[in-house]
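Asker: Can you keep this structure in mind? I'll have questions shortly.
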Amino acid sequence: MGVEPLEFDGMQDSIFQEYDHNGNVFMSYLHDYGYFNDLPYQLYLEELKKHYPHVFENKEYTNGDLIYDFTK
19 MGVEPLEFDG
29 MQDSIFQEYD
39 HNGNVFMSYL
49 HDYGYFNDLP
59 YQLYLEELKK
69 HYPHVFENKE
79 YTNGDLIYDF
89 TK
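Each position in the sequence shown, counted from 1, maps to that position plus 18 in the working numbering.
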């Protein structure tokens with residue numbers, strides 16, 4: 019992928035690399051949802067449905083647990 023791991027000091031977030039090793043944009047942050055003490059589950063589902071509706075249209079993905087079993 020051409021992306022080096024980010025350094026992490028144990029205190030500051032270092033989740034996603036914005037640029038590849040050539041300085042090209044690898045990804046970008048489009049929206050900052052703020053900080054949460056726990057996973058904002060309802061917000062997560064709403065945003066997932068908004069941006070990836072096909073996941074909810076496939077019954078194979080929506081029957082059962084939130085985590086899809088890719089070993090089937």
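Idealized CB from N, CA, C, for every residue including glycine.
I'd like to know if GLN35 contacts chain C, where contact means its C-beta is closer than 8 Å to some C-beta of that chain.
Answerer: The structure shown contains no chain C; it is built from a single protein chain.
Asker: If we call anything under 8 Å between Cβ atoms a contact, is HIS49 one with VAL21?
Answerer: Not a contact, by the Cβ cut-off of 8 Å.
Asker: Since PHE34 and MET45 are thought to touch, with beta carbons under 8 Å apart, how far apart are those beta carbons, to the nearest angstrom?
Answerer: So it is a contact: roughly 6 Å between Cβ atoms.
Asker: Going by DSSP, what residues sit across from VAL43 in a beta bridge?
Answerer: TYR37.
Asker: Could you check what DSSP says for PRO71 in three-state terms: helix, strand or coil?
Answerer: Residue state, collapsed to three classes: helix.
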